[in-house]
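Each residue of the sequence shown is one higher than the last, beginning at 4 in this note's numbering. The block underneath contains the structure these notes are about, expressed in structure tokens.
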Amino acid sequence: MDNDEKVSPQEFERQVFLLEQIKIVVYSIDNVPKYGFRRGLPDTKTVTVLRKRIETALGPGIKFTIVLGGGIVDPHGGMKLGTIRESYV
């Protein structure tokens, strides 16, 4: 993961969505490190794994929310990513 470059929070959200097909909201007015991962997580991984990945990319102290289809926020950690992705359809 290479994340020396800084991007706007909205660009970070876009990068996560393009790679993971998961919508998030980043709560920061300052630029944040880019989402430097190259491969998205499979449908079988959980929200907990995705949260840890995003926290690693953002660094300490930057808050974010995962958003499901229908506007539901902060799914439980055991939810599979495939379930979240299907919620947008």
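For glycine and all other residues, C-beta sits at the position ideal for the given N, C-alpha and C. Quick caveat: nothing in here was measured; it's all calculated off a predicted structure.
- Excluding five sequence positions before and after residue 27, the CB atoms of its chain that fall closer than 6 Å to its own CB belong to 16, 19, 67 and 69, given in chain order.
- Linking residue 59 to residue 21 through their CA atoms gives a straight-line distance of about 18 Å.
- Residue state for residue 37 is assigned as coil, using DSSP reduced to three classes.
- Residue pairing by DSSP leaves residue 48 without any beta bridge partner.
- When the beta-carbon positions are compared, residue 61 and residue 25 stay at least 8 Å from each other.
- Sequence-distant partners of residue 47 (beyond 5 residues in either direction) whose C-beta falls short of 8 Å from its own C-beta, in its chain, are 83, 84 and 85.
- Straight through space, the alpha carbons of residue 87 and residue 73 are spaced by roughly 11 Å.
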